[in-house]
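Have a look at the structure below, then the notes.
Numbering (this note's numbering), first residue to last: 98 to 144.
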């Protein structure tokens with residue numbers, strides 16, 4: 098979070114590590130771990 102209270106992208110999507118990003122780029126499924134990550138993943142899938 099920055100001084101103005103904004104969440105930075107790398108903090109907002111902590112589940113998106115290098116391995117997950119590579120799988121997404123190849124079109125492979127990524128299994129989210131944890132409630133917050135699962136919610137973010139569903140939100141991204143619907144976008």
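C-beta: ideal position from N, C-alpha, C; glycine also.
Counting C-beta atoms within 10 angstroms of its own C-beta, residue 138 has 16 or more neighbours from the protein chains shown and is therefore classed as buried. Apart from sequence neighbours up to five positions away, the residues of its chain that approach residue 127 with a beta-carbon distance below 8 Å are 117, 120, 121, 138, ordered along the chain.
According to the DSSP assignment, residue 133 belongs to the alpha helix (DSSP H) that extends over 132-143. DSSP places residue 119 inside the alpha helix (DSSP H), whose first and last residues are 115-123.
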